[in-house]
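Working notes, structure below.
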Amino acid sequence: MAGAARLVKAASRRFLDQTRAQRQYGGVSQLTVLTAQRSYLSASMARVRAEAARLSDGAAFSTATGG
């Protein structure tokens with residue numbers, strides 16, 4: 438899951454960067470930039486949640502196995 442979240446975050450970042458560049462030249466509206474930013478931030482949060490779940494699972498496994 439963390440690997441997929443990392444890929445989605447990277448793709449969202451590229452899209453945000455492209456959207457910002459298009460905005461500079463009047464190609465898209467500010468709303469489009471804000472939507473891309475929201476998508477990137479959502480992907481970032483998903484990445485953090487996936488990493489937290491991975492760490493929590495590791496701790497639970499360690500506790501369950503007496504480690």
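For the sequence shown, my numbering begins at 438 and goes up steadily by one.
Note that beta-carbon positions come from the ideal geometry of N, C-alpha and C, so glycine has one too.
Considering only residues of the same chain and omitting the five flanking positions on each side of residue i, which have a CB-CB separation below 8 Å?
i	result
Phe452	Ala473, Ser476, Tyr477
So, with DSSP's three-state summary, where would you put residue i?
i	result
Tyr462	coil
Gly503	coil
Going by beta carbon distance, what residues of the same chain come within less than 6 Å of residue i, once the five residues before and after it are set aside?
i	result
Arg460	Val470
So residue i and residue j are supposed to be a Cβ contact under 8 Å. How far apart are they, rounded?
i	j	result
Ala441	Glu488	Contact doesn't hold; Cβ gap of about 12 Å is too wide.
Leu465	Thr456	The residue you asked about is not Leu; residue 465 is Val in the sequence shown. Their Cβ separation, rounded to whole angstroms, is 6 Å, which keeps Val465 and Thr456 in contact under 8 Å.
Kindly confirm or deny that the segment 442-449 and the segment 478-487 touch, where touching means at least three C-beta pairs closer than 8 Å. yes
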